[in-house]
Amino acid sequence: MLHLQQMPSEIDVARATVYYLADPVVSGETFHPSGGLNFERTVTEGELFGKASPAAIGRLRGTTVYIVGEYLRKYLTALVRTYLDECEVGRLVMITETEEAEQAIRATFPNHASSGRLCTIASRGDIEGALDAAYVQFGRPGPVVCTPFRPIPASLALTGPKGSDWDNVLNEADFAALVEHNLTHHFRVARKISLIDGAQLVLVTPATGSRSTGEEFAMANFIKTTCTPSPLPWASRASALCTTSRSTRLT
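Position 40 of the sequence shown, counted from 1, bears residue number 440 in the numbering used here, the numbering being contiguous throughout.
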């Protein structure tokens, strides 16, 4: 599937989207018009959403928001600023992987950090423990935005020339790391958040841009199409669990 000549077609992506929307255990909206197959088209289609209505923004006022992420620093900074300043959420909990990133986000928003509206937790690899700590210390979230901690490989090819040694080709260890940091990461977060009544989870796949290589687009699209149907069984299972057991710990 990662091979550039075997990427999902527009029809494949459309079918997956229809299946996703038709599932009775899924609520909300999704939008996968191009599947990330073409950068120019993806930008245009992403802008079709426009800006949220004042009524929708107003519903966020006073809520608690969780954001999980680290490497998408520019986008995370803009998102934090929007939630705190424009949407006027009550509290934003930022969960990073490292302490360095935790301190960096606090240094970017010193006033919000000192007032207690911006709270941070460094997971140090224990994302489940960080989510448990956030729930116990700061309460139940409304919106939860999960972004990857680490980027996709930018300099590795997916195939090599015939007769070459393939030194710069994605190997088993590289692929395992790609899955760990961009798929398993999301699944771990989704498994916890799906047990919280009223939480709205958004999974953010790797960033691509006009300078991204075809290999980067292929890997990003692989992650995106894999993430689309995966949380569905957990949603129904979580619903059953939530009706039979309650706990302050997200297990």
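Backbone N, C-alpha and C fix where the C-beta goes; we use that ideal spot for every residue, glycine too. Keep in mind the model is a prediction, meaning the values are calculated, not measured.
Quiz item: Does DSSP classify M619 as helix, strand or coil?
Solution: In the three-state scheme derived from DSSP, where H, G and I count as helix and E and B as strand, M619 is classed as helix.
Quiz item: So A522 packs on T482, CB below 8 Å; how close in whole Å?
Solution: A522 to T482, Cβ: 23 Å. No contact.
Self-check item: T626 versus F538, V536, R591, N582, residue with shortest Cα-Cα distance
Solution: Relative to T626, the option among F538, V536, R591, N582 whose CA is nearest is N582.
Quiz item: Relative to the alpha-carbon of A456, which residue among I467, L476, R473, E486 has its alpha-carbon at the smallest distance?
Solution: Put simply, of I467, L476, R473, E486 the residue whose alpha carbon is nearest the alpha carbon of A456 is E486.
Quiz item: Does the distance from the C-beta atom of E500 to that of T520 stay below 8 Å?
Solution: In this structure, T520 does not lie closer than 8 Å to E500 by Cβ.
Practice problem: Can you give me the Cβ contacts of A599 inside the same chain, cut-off strictly under 6 Å, excluding the 5 residues immediately before and after it? | Solution: Taking C-beta separations shorter than 6 Å and ignoring five residues to either side along the sequence, the partners of A599 in its chain run P541, V544, I593, following chain order.
Exercise. For S612, decide whether its Cβ has a neighbour in chain D, counting only Cβ atoms nearer than 8 Å.
Key: No chain D appears in the structure shown, which is made up of a single protein chain.
Quiz item: In its own chain, which residues sit with a C-beta less than 6 Å from the C-beta of M619, not counting the 5 before and 5 after it?
Solution: Answer for M619: I552, listed in chain order.
Practice problem: Leaving aside the five residues before and after H512 along the sequence, list all residues of the same chain whose C-beta is less than 6 Å from its C-beta, in chain order. | Solution: Here the set comprises L484, L518.
Quiz item: Does the beta carbon of E528 fall short of 7 Å from some heavy atom of the ligand GTP?
Solution: The ligand GTP is not part of this structure, which contains no ligands at all.
Quiz item: Would P548 be called buried (16 or more neighbouring beta carbons within 10 Å of its own) or exposed?
Solution: So P548 counts as buried.
Quiz item: Considering only residues of the same chain and omitting the five flanking positions on each side of R459, which have a CB-CB separation below 6 Å?
Solution: Result list for R459: empty, nothing under 6 Å.
Exercise. Indicate the three-state DSSP secondary structure (helix, strand or coil) for P454 in the structure shown.
Key: In the structure shown, P454 sits in a helix (DSSP, three-state: H, G or I).
Quiz item: What three-state label does DSSP hand C679 in the structure shown?
Solution: Nothing about residue 679 can be read from this structure; the chain reaches only from 401 to 651.
Practice problem: Quick one: grab the DSSP three-state call for W590. | Solution: The question names Trp, yet the displayed sequence has Ala at residue 590. Residue state, collapsed to three classes: helix.
Quiz prompt | Buried versus exposed, by CB contacts within 10 Å (16 or more), T584 | solution = By the neighbour-count criterion, in which a residue is buried when 16 or more other Cβ atoms sit within 10 angstroms of its Cβ, T584 is exposed.
Quiz prompt | Where the alpha helix (DSSP H) containing L479 begins and where it ends | solution = Taken as a continuous stretch (DSSP letters only), the alpha helix (DSSP H) holding L479 covers 473-481.
Quiz prompt | Inside the region 485-548 only - alpha helix (DSSP H) runs reaching at least 4 residues | solution = DSSP runs (the alpha helix (DSSP H)) wholly in the region 485-548: 499-508, 510-515, 527-538.
Quiz item: Leaving out five residues before and five after R550 in sequence, what residues of the same chain have Cβ atoms less than 7 Å from its Cβ?
Solution: Taking C-beta separations shorter than 7 Å and ignoring five residues to either side along the sequence, the partners of R550 in its chain run Y471, H581, following chain order.
Exercise. Using 10 angstroms around the beta-carbon of P606, count the other beta-carbons present and answer buried if the total reaches 16, otherwise exposed.
Key: So P606 ends up on the buried side.
Practice problem: Just confirm the distance between the C-beta atoms of T464 and R491, as a whole number of angstroms; I'd bet it's less than 8 Å. | Solution: Between T464 and R491, the beta carbon gap of about 5 Å places them in contact (Cβ cut-off 8 Å).
Quiz item: Helix or strand or just coil, what does DSSP make of L603?
Solution: DSSP places L603 in strand when its eight states are reduced to three.
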